[in-house]
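The listed protein sequences correspond, in order, to chains A and B.
Anchor point for the first sequence: position 86 equals 86 in UniProt numbering, and the numbering is continuous, going up by one each time.
Anchor point for the second sequence: position 8 equals 8 in UniProt numbering, and the numbering is continuous, going up by one each time.
We put the CB at the ideal spot given by N, CA and C, even for glycine.
Just so it is clear, the structure is predicted and the values come from calculations on it, not from any experiment.
2 protein chains.
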Amino acid sequence: MPQSLKTTILVIGGAEDKVHGREILQTFFNRSGGKDGRIAIIPSASREPVAIGDRYRYIFEDMGAKAVQVLDIRDRSQGEDPIWQTYLEGCTGVFMTGGDQLRLCGLLADTPLMEKILLQVQLGQITLAGTSAGAAVMGHHMIAGGGSGESPNRSLVDLTTGLGILPQLIVDQHFNNRNRIARLLSAIACHPDRLGMGVDEDTCAMYEGDGTIQVLGKGNVTIIDPGELSHTNEPYVSASDPLSLFGLQVHILTHGDRYNLNTRNIVPPEERVAV
Amino acid sequence: MPQSLKTTILVIGGAEDKVHGREILQTFFNRSGGKDGRIAIIPSASREPVAIGDRYRYIFEDMGAKAVQVLDIRDRSQGEDPIWQTYLEGCTGVFMTGGDQLRLCGLLADTPLMEKILLQVQLGQITLAGTSAGAAVMGHHMIAGGGSGESPNRSLVDLTTGLGILPQLIVDQHFNNRNRIARLLSAIACHPDRLGMGVDEDTCAMYEGDGTIQVLGKGNVTIIDPGELSHTNEPYVSASDPLSLFGLQVHILTHGDRYNLNTRNIVPPEERVAV
């Protein structure tokens with residue numbers, strides 16, 4: 001059975017290219033063992049799981065994967081079904097589609113299936129990817145929804161608990177495309193011990209076991225680091241009052257840029273490595 | 001003739017309260033000498049200068065200003081008319097309305113009238129305010145227009161030359177309301193020797209002669225400080241490619257918060273003073 005050499009997690013901002021160069025999906029495929037790969041697709045975020053599952057299945061089959069299976073989980077009890085867990089044993093890649101992140105968490109959080117996936121990811125046996133809702137669930141804290149066109153304020157963002165795959169992050173997706181920086185800042189004000197990560201459409205933050213992320217695709221990955229926050233008025237103001245946040249570090253990354261989530265430092269461009 | 005004690009410039013993000021508490025307009029009025037004040041309104045950014053000029057005239061008359069005059073300049077030659085310059089001699093406040101910042105600059109930049117206003121502001125003889133377009137013109141570099149919903153990139157923002165009243169700033173207005181952070185970041189990538197300042201609607205950054213701004217009103221003033229920028233791909237990418245910006249400092253300020261534009265430091269909350 002082919003195995004990944006190290007932990008790889010692709011956090012994709014949604015609307016990734018499925019037709020032309022397919023850089024992000026191709027990278028997931030390659031990191032999942034390429035033509036020796038066995039890929040599981042989890043379409044559970046979507047209310048049209050068959051259609052979206054099949055769409056990705058065709059793509060990975062077209063790339064030449066040895067096996068592709070849609071894990072069409074629509075009920076928490078399915079997460080305990082030994083069939084899926086057995087299938088996972090031989091898997092090299094798991095792809096979580098878009099849809100509604102609350103639905104995805106509701107179906108998968110704390111199930112034996114999800115626990116197994118997390119373990120295998122940590123062991124570097126499985127490459128994991130999530131796009132859109134599948135990216136939103138990555139952190140311990142999760143943005144379930146929110147607004148834009150307002151000053152950052154607590155009521156601008158709906159926060160709940162995610163799958164905790166990369167617990168130090170609060171992820172937002174479709175980021176610049178849907179003008180979501182104010183809601184991510186609002187989330188970070190509530191949890192300044194985390195790191196905010198906004199991922200644009202057709203863009204991916206590829207996390208590797210050494211703590212670095214590397215940017216793939218067309219847009220930006222925006223890092224909001226409140227590590228040196230010197231002052232905030234949160235939680236002293238009411239939920240709809242605008243927030244003060246002094247001393248945020250913000251990094252805007254593009255294709256090839258690398259950032260270390262553990263040290264919270266940019267990897268200088270001269271130290272970049274090929275994907 | 002009553003005089004301001006020190007230089008005061010109000011940079012207002014547009015849509016300031018004109019009906020209820022009128023905090024920002026009342027502060028401008030007070031800083032312009034209150035009931036002893038003589039106020040000039042410059043409506044030249046607007047294509048409806050009579051209507052907008054009169055609207056502000058009624059407000060300041062209602063507050064009790066000794067004299068309010070609309071300087072309805074529609075032609076650059078009027079900026080050389082001695083009548084306006086003589087009127088300015090006795091003025092204690094000048095208010096620039098919203099409209100189109102390109103129009104305002106086209107009519108006023110480098111005219112004897114504008115030079116005189118700038119001199120009197122520097123001498124602390126006149127309190128100056130600009131709202132919306134009247135705020136956009138404050139910097140040396142000016143945002144004339146732009147888009148949102150994209151990764152920051154050079155083609156997202158139209159840059160030209162402003163009135164240079166606070167030359168170290170690039171000002172954007174209606175800031176969170178119209179999701180303009182990406183275009184301000186794009187502008188800062190082009191001019192990392194400047195400081196980006198985004199002002200929300202019904203919000204004001206009040207600059208004082210000592211270099212500090214203080215926030216008035218309902219929303220945020222967002223400061224983007226590229227002083228410690230460690231890397232950018234600008235100008236090595238094409239105009240529509242997303243930008244990399246590593247190491248931005250971002251401060252999000254609300255009512256009462258103070259920031260020193262010269263030292264680029266927050267004024268700690270305990271050192272705040274009443275307006």
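Rounded C-alpha distance that separates residue i from residue j
i	j	result
Tyr87(B)	Ala189(A)	49 Å
Pro82(B)	Asp257(B)	41 Å
Pro226(B)	Gly211(A)	26 Å
Ile117(B)	Ala40(B)	11 Å
His251(B)	Thr232(A)	10 Å
Lys218(B)	Ala205(B)	11 Å
Asp172(B)	Glu234(B)	20 Å
residue 305(A)	Thr263(B)	There is simply no residue 305(A) to check, as chain A begins at 1 and stops at 275 in what is shown.
Leu216(B)	Asp100(B)	24 Å
Gly64(B)	Arg76(B)	31 Å
Phe29(A)	Pro268(B)	51 Å
Ile266(A)	Gln249(A)	11 Å
Val68(B)	Val221(B)	29 Å
Gln168(A)	Thr161(A)	12 Å
Pro2(B)	Thr127(B)	Reliability fails at Pro2(B), whose pLDDT of 40 lies under 50, so the model's placement of it is uncertain and no value is given.
Thr27(A)	Thr203(A)	12 Å
Gln85(A)	Pro242(A)	47 Å
Asn176(A)	Tyr236(B)	21 Å
Ser240(A)	Cys91(A)	46 Å
Cβ-Cβ separation, residue j to residue i (assumed contact under 8 Å), whole Å
i	j	result
Ala129(B)	Leu10(B)	4 Å
Leu253(B)	Ser244(A)	6 Å
Thr7(B)	Gly147(B)	About 34 Å; that fails the 8 Å criterion.
Gly93(A)	Gly33(A)	7 Å
residue 349(B)	Leu156(B)	Look at the range of chain B in this structure, 1 to 275, and you will see that residue 349(B) is not part of it.
Ala187(B)	Gly198(B)	Between Gly198(B) and Ala187(B) the Cβ distance is about 10 Å, and since that is not below 8 Å, they are no contact.
His174(B)	Glu208(B)	His174(B) to Glu208(B), Cβ: 24 Å. No contact.
Cys105(A)	Val70(A)	About 19 Å; that fails the 8 Å criterion.
Tyr259(A)	Ile213(A)	5 Å
Gly53(A)	Ser132(A)	Not really, about 14 Å apart at Cβ, beyond 8 Å.
Same chain only: Cβ atoms within 7 Å of residue i, ignoring 5 sequence neighbours per side
i	result
Lys18(B)	Leu25, Ile59
Lys66(A)	Lys35, Asp36, Gly37, Arg38
Leu56(B)	One detail in the question is off: residue 56(B) reads as Tyr in this sequence, not Leu. Same-chain partners within the cutoff: Ile41, Phe95, Thr97.
Glu23(A)	Asp17, Leu216, Gly217
Glu48(A)	none
Environment of residue i [buried if 16+ CB atoms lie within 10 Å]
i	result
His255(A)	buried
Leu119(B)	exposed
Asp62(B)	exposed
Glu89(B)	exposed
Gly134(B)	buried
Glu270(B)	exposed
Glu16(B)	buried
Ala182(A)	buried
Val50(A)	exposed
Ser46(A)	buried
Residues near residue i in its chain [Cβ-Cβ closer than 6 Å; skip 5 each side]
i	result
Gly164(A)	His140
Leu229(A)	Pro192, Gly247
Ile170(A)	Gly139, His141, Ala187, Arg194, Gly196
Leu185(B)	Pro152
Arg103(B)	Ala45
Cutoff 8 Å; reference residue i; Cβ partners in own chain excluding five residues on either side
i	result
Gly79(A)	Ile73, Leu107, Leu108, Thr111, Pro112, Leu113, Met114
Leu166(B)	Ile9, Val11, Met138, Gly139, Tyr207, Leu261
Gln122(B)	Thr7
Interface residues of chain D facing residue i [CB-CB closer than 8 Å]
i	result
Gly247(B)	Here the protein chains are A and B, and chain D is not one of them.
Proximity test, residue i beta-carbon vs the ligand FMN heavy atom, cut-off 6 Å
i	result
Tyr207(A)	No copy of the ligand FMN appears in this structure; indeed no ligand is present at all.
What are the start and end residues of each continuous beta strand (DSSP E) run of 3 or more residues lying completely inside the region 31–111 of chain A, in chain order? 38–42, 67–70, 93–96
Write down every uninterrupted run of the beta strand (DSSP E) in the region 151–221 of chain B whose length is 3 residues or greater and which is fully enclosed by it, in chain order. 157–161, 169–173, 195–199, 203–208, 212–217
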